[in-house]
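Under the working numbering, the sequence shown is numbered contiguously, ending at residue 129.
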Amino acid sequence: MIDAQSTVVSLTDAAATKLRELTKEEASPEIGLRVYVYSGGCSGYRYGMMLEDQPTADDNVLNASGVRVYIDNSSVGLIQGSEIDYVDTLMGAGFTVNNPNAVAACGCGSSFRTADDAGQARSCSH
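(1) Please name the residue or residues paired with M94 in a DSSP beta bridge.
(2) To which residues of the same chain is A96 closer than 8 Å at the C-beta, ignoring the five residues directly before and after it?
(3) Our contact map puts S85 next to N101 with C-beta atoms below 8 Å; I'd like the distance itself, whole angstroms only.
(4) Under the three-state reduction of DSSP, which class applies to N76: helix, strand or coil?
(5) How many Å lie between Y48 and V40 at the Cα?
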């Protein structure tokens, strides 16, 4: 496990607390948060997150605030230096990504583009 969360991704206290709450009853000792980027959305890329039982051979395994974070090699460069937060507002609750590499984003909040690569833009509903 790499402890380099400050150079790849970090979690706010709220995000780390919520993740510990979500995983406390999981049987797998390797349970972690998978963070990935895929082509799509109105700005070119979209974020994805899910709980994962264990890493794959293609993953970078990070320790961010005591929580395992799995990021595949193709996503690392697109989210390098990002901070993951958990917000709970009247409009809803969920994890958000504050990405210093994003030069544009759209209103759906999960789509972005970088200065070097915009991916292929699609509507926010996809």
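A virtual CB, placed ideally from N, CA and C, is assigned to each residue, including glycine.
With the structure as the only source:
(1) Assignment of beta-bridge partners to M94 by DSSP yields no partner.
(2) Excluding sequence neighbours, A96 sits near Y89, V90.
(3) Confirmed, about 6 Å.
(4) Helix at N76.
(5) Straight-line Cα distance between these residues: approximately 6 Å.
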